[in-house]
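Numbering (this note's numbering), first residue to last: 1 to 273. Idealized CB from N, CA, C, for every residue including glycine.
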């Protein structure tokens, strides 16, 4: 039997599946552990904990806690591994005035929007409680790529533009957030898992992209109409600091606007099948 050197929990999701493909293309033995599977025995090698609940966390609070904390605890407690990488979220920086990895957070548990952030921070705290410098955390910003089945902001916009011919925005054109390319993300995740000198890393582009920039490009590519809700609120992510991965791994992320045109073409091709 081939020696397993990589294990992905949540390997069927958007990030996990791209990571799996990337590892296989590099000829690196890899196994996937999905929800409901028994924990594998033996040394799992480099573990990537990609399991999680994202855009539908509001309707799945118990699943959110289970994926980000309870199941994580089970793996950390009962599995042997060479390294362990927990996928957290840069969304948590909504609760801090700074975006470096040593930021402190203040979160209101009364706001249901904060459940996913609280669960991610609980997962981070659990990882950091393990006295092992090989247990690390990555805080990912909004990952973009050929993810045409998820209900996230970019996919919704592309579907509206391509299929319906009209985008209806509920947030203002000045709203902005950080986006990071999936291939950039999985590449640096592997570097961090094997060589990371720190326990927490931000994975982001380091530059926010506005709704105005995105919808302008979508209008050019599809000829769609754009309607912005009257008195739409402006939601602005803080700019994510990526000094650590830039200096340690020479990380040079692809800008969303550079890759969005091709992404729309891929969406059109996928939709026409």
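DSSP places residue 115 inside the alpha helix (DSSP H), whose first and last residues are 115-129. Per DSSP, residue 132 lies in no alpha helix (DSSP H) and is assigned neither H nor E. In this chain, the beta strand (DSSP E) harbouring residue 169 covers 166-171. Taking the Cα of residue 246 as reference, the smallest distance to any Cα among 110, 212, 100 is reached at 100.
The three-state reading of DSSP puts residue 82 in coil, since its state is none of H, G, I, E or B.
Remark: C-beta atoms of residue 127 and residue 93 do not approach each other more closely than 7 Å. Distance from the Cα of residue 23 is smallest, within the candidate group 109, 122, 181, 189, for 189. For residue 193, the enclosing alpha helix (DSSP H) has its first and last residue at 182-195. By the neighbour-count definition (other C-beta atoms within 10 Å, threshold 16), residue 112 is an exposed residue. For residue 211, the CB contacts under 8 Å within the same chain, skipping 5 residues up- and downstream, are 169, 171, 172, 173, 174, 175, 176 in chain order. Our two residues, residue 79 and residue 19, have alpha carbons roughly 21 Å apart in a direct line. The Cβ atoms of residue 166 and residue 255 do not sit closer than 7 Å to each other. Secondary structure of residue 268 (DSSP, three-state): helix.
If you draw a straight line from the Cα of residue 248 to the Cα of residue 268, it comes to about 38 Å. The criterion of a C-beta distance shorter than 7 Å is not satisfied by residue 240 and residue 270. Burial is judged here by how many other beta carbons sit within 10 angstroms of a residue's own beta carbon; residue 244 has at least 16 and is buried. Here the C-alpha atom of residue 82 lies approximately 51 Å from the C-alpha atom of residue 227. Under the Cβ criterion (8 Å, minimum of three pairs), the region 133-141 counts as touching the region 192-209. Separation of the CB atoms of residue 119 and residue 65 is rounded to 5 Å, and the pair is thereby assigned contact status at 8 Å. Non-local beta-carbon contacts of residue 45 in its own chain, meaning distances under 7 Å to residues more than five positions away in sequence, involve 4, 5, 6, 7, 81, 82 in chain order. Taken through DSSP and simplified to helix, strand or coil, residue 178 comes out as strand.
Distance from the CA atom of residue 214 to the CA atom of residue 36, rounded to whole angstroms, is 38 Å. In the three-state DSSP reduction, residue 232 falls in the strand class (E or B).
Bridge pairing for residue 74: absent [DSSP].
Between the alpha carbons of residue 63 and residue 69 lies a gap of roughly 10 Å. In the three-state reduction of the DSSP assignment, residue 60 falls in the coil class.
Counting only residues of its own chain and dropping the five nearest sequence neighbours on each side, residue 43 has a CB closer than 7 Å to the CB of 80, 81, 82. Separation of the CB atoms of residue 264 and residue 218 is rounded to 7 Å, and the pair is thereby assigned contact status at 8 Å.
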